[in-house]
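**Student:** Reading the sequence shown from the start, the letters are residues 35 to 375 in my numbering. Note that the Cβ used here is the ideal one computed from N, Cα and C, for glycine as well. The structure follows.
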Amino acid sequence: MTAPHFAPRVFSGIQPSGGLTLGNYLGAMKRFVTMQDAGTHQTIYCMVDLHAITATLHDPETLRRNTRELCAGFIAVGIDPEKSILFNQSQVPEHAQLAWIFNCVARMGWMGRMTQWKDKAGKNAEAASLGLFAYPALMAADILIYHATHVPVGEDQKQHLELTRDIAAKFNHDYGQEFFPITEPVIEGAATRVMNLQDGTKKMSKSDPSDKTRINLTDRADDIAKKIRKAKTDPDPLPEALAGLDARPEARNLVNIYAALADISPQAVLDQHQGALFGHFKMALADLAVDKLSPITTEMSRLMADPAEIDRILGRGAQRAREIAAPILAQTYDIVGMLRS
Ligand code: TYM
Numbered sequence: 035m036t037a038p039h040f041a042p043r044v045f046s047g048i049q050p051s052g053g054l055t056l057g058n059y060l061g062a063m064k065r066f067v068t069m070q071d072a073g074t075h076q077t078i079y080c081m082v083d084l085h086a087i088t089a090t091l092h093d094p095e096t097l098r099r100n101t102r103e104l105c106a107g108f109i110a111v112g113i114d115p116e117k118s119i120l121f122n123q124s125q126v127p128e129h130a131q132l133a134w135i136f137n138c139v140a141r142m143g144w145m146g147r148m149t150q151w152k153d154k155a156g157k158n159a160e161a162a163s164l165g166l167f168a169y170p171a172l173m174a175a176d177i178l179i180y181h182a183t184h185v186p187v188g189e190d191q192k193q194h195l196e197l198t199r200d201i202a203a204k205f206n207h208d209y210g211q212e213f214f215p216i217t218e219p220v221i222e223g224a225a226t227r228v229m230n231l232q233d234g235t236k237k238m239s240k241s242d243p244s245d246k247t248r249i250n251l252t253d254r255a256d257d258i259a260k261k262i263r264k265a266k267t268d269p270d271p272l273p274e275a276l277a278g279l280d281a282r283p284e285a286r287n288l289v290n291i292y293a294a295l296a297d298i299s300p301q302a303v304l305d306q307h308q309g310a311l312f313g314h315f316k317m318a319l320a321d322l323a324v325d326k327l328s329p330i331t332t333e334m335s336r337l338m339a340d341p342a343e344i345d346r347i348l349g350r351g352a353q354r355a356r357e358i359a360a361p362i363l364a365q366t367y368d369i370v371g372m373l374r375s
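Below you can see the structure in the form of structure tokens.
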């Protein structure tokens with residue numbers, strides 16, 4: 035078996051499940067832009083609408099709106115639909131087609147061990163959709179239908195990416211060919227896990243019932259500042275060294291957010307602010323956050339005013355995506371033994 039050379043290619047996806055948070059931005063989207071602009075990899079970014087229908091009953095019109103809003107978000111943060119391929123998953127049927135093959139590669143035991151499945155299905159797994167259980171196999175297909183080599187994501191997706199590697203390795207082994215790359219997760223930087231503003235032990239999430247726990251990319255400047263001012267902290271000043279943030283999850287979170295927004299290391303944040311009390315540091319953080327996020331919010335609403343243009347961008351992105359995906363699916367079918375005439 036000789037290992038084919040895989041061109042450097044980045045793929046990542048976000049669910050259009052309504053509302054983008056600072057976690058999505060710092061943990062994923064901001065890094066998508068860096069990888070796009072580095073020019074070292076072809077970059078492919080996807081609104082995973084097929085994934086967005088796995089969890090709860092959804093309203094079709096809301097899903098369409100969320101998909102357009104997510105596309106506007108991608109562009110507003112700096113994804114250029116000419117430089118990157120930007121599209122929604124359901125317009126490229128090869129994702130679902132490869133996912134079926136992977137449903138037959140992945141084992142029930144592997145899927146059952148996924149912590150997100152356990153969290154989302156909760157105690158009532160009998161009532162969860164089959165799609166929710168199979169979700170990570172579709173995610174593997176999203177990545178491998180492009181032979182993507184690198185996948186930038188936040189920390190919470192790590193286990194799914196390990197499963198993607200397992201699926202690729204088992205497929206390659208079962209069919210005796212190094213056909214799919216063993217993808218590298220890219221989980222880097224200060225903000226791979228942005229935490230809840232009211233509880234530093236929980237992840238910042240768009241599904242938390244309280245809006246005070248997160249910053250949304252659609253928040254107005256005064257709301258951003260208010261949420262940061264009201265974020266939970268402790269009475270101690272900022273330490274000199276990172277070790278001084280151990281056992282201070284809320285303090286650590288705000289330092290990490292500052293670092294990621296300012297493109298500096300958490301230690302550099304402490305160098306600038308050591309000895310400061312949180313009242314003061316939060317003001318500096320609120321100014322920084324408003325400065326970085328307000329232009330994104332404004333650009334998103336400008337783009338949302340022209341949904342036809344968004345649809346055109348997504349259609350064109352899907353066409354470009356299919357040019358890569360279709361031959362890889364055809365080769366997969368050949369390897370598996372599907373007859374084509
Ligand atoms: P999703 O839609 O939940 O989140 C999109 C991206 O945002 C990151 N993220 C965070 N990062 C840091 N801190 C947080 N609090 C935070 N919240 C969210 C996520 O890690 C993710 O990178 N299953 C994926 C979507 C997906 C996908 C893929 C990703 C489907 N197919 C293929 C990569 C490759 C998901 O639900 O992400």
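Helix, strand or coil for Ser299? Go by DSSP, reduced to three states.
**Tutor:** Ser299 falls in the coil class under three-state DSSP.
**Student:** Hey, out of Leu327, Leu304, Leu295, Leu60, whose CA is closest to Ala285's CA?
**Tutor:** It is Leu304.
**Student:** Whole-angstrom Cβ separation of Thr88 and Met238, contact assumed at under 8 Å?
**Tutor:** With 8 Å as the limit, Thr88 and Met238 do not qualify as a contact, their Cβ atoms being about 21 Å apart.
**Student:** Three-state secondary structure (DSSP) at Arg356?
**Tutor:** Of the three classes helix, strand and coil, the one that applies to Arg356 here is helix, per DSSP.
**Student:** Is there at least one non-hydrogen atom of the ligand TYM closer than 7 Å to the beta-carbon of Asn58?
**Tutor:** Yes, the ligand TYM has a heavy atom inside 7 Å of this Cβ.
**Student:** Is Pro271 helix, strand or coil by DSSP?
**Tutor:** Looking at Pro271 - three-state DSSP - the assignment turns out to be coil, as it is neither helix nor strand.
**Student:** Lys266 by DSSP, collapsed to three states: which one?
**Tutor:** Three-state result, Lys266: coil.
**Student:** At 4 residues or longer, what runs of the alpha helix (DSSP H) sit wholly inside the segment 151 to 224?
**Tutor:** You should have 164 to 178, 192 to 209.
**Student:** Determine the burial state of Ala294: buried for a count of at least 16 other Cβ atoms within 10 Å of its Cβ, exposed for fewer.
**Tutor:** So Ala294 ends up on the buried side.
**Student:** Is it true that the CB of Thr366 sits closer than 8 Å to the CB of Leu84?
**Tutor:** No, the pair does not count as a contact, with Cβ atoms beyond the cut-off.
**Student:** Assign Thr90 to one of two classes, buried (16 or more other C-beta atoms within 10 Å of its C-beta) or exposed (fewer than that).
**Tutor:** Exposed is the call here.
**Student:** Relative to the alpha-carbon of Ile109, which residue among Ile362, Gly351, Met229 has its alpha-carbon at the smallest distance?
**Tutor:** Per the Cα distances, Gly351.
**Student:** Is Cys138 helix, strand or coil when you go by DSSP?
**Tutor:** Reduced to three states, the DSSP call for Cys138 is coil.
**Student:** For the ligand TYM, is there a heavy atom less than 7 Å away from the beta-carbon of Lys237?
**Tutor:** Checking every heavy atom of the ligand TYM against the Cβ of Lys237, one is found closer than 7 Å.
**Student:** Using the Cβ count rule (16 or more neighbours within 10 Å means buried), how would you classify Pro186?
**Tutor:** Classification for Pro186: buried.
**Student:** Is the segment 338 to 348 touching the segment 258 to 266 in the sense that three or more CB pairs, one from each, lie closer than 8 Å?
**Tutor:** No, they do not touch.
**Student:** Nearest-angstrom Cα distance between Asn206 and Phe167?
**Tutor:** Going by the C-alpha atoms only, they are around 23 Å apart.
**Student:** Do you know how far the Cα of Tyr209 is from the Cα of Gly371?
**Tutor:** Straight-line Cα distance between these residues: approximately 10 Å.
**Student:** If you run the structure through DSSP and keep just helix, strand and coil, what is Gln76?
**Tutor:** Strand.
**Student:** Among residues of its own chain, excluding the 5 on either side of Gly47, which ones have a beta-carbon nearer than 8 Å to its beta-carbon?
**Tutor:** Only Tyr79, Cys80, Met81, Val82, His85, Gln123, Met173, Asp176 meet the Cβ criterion.
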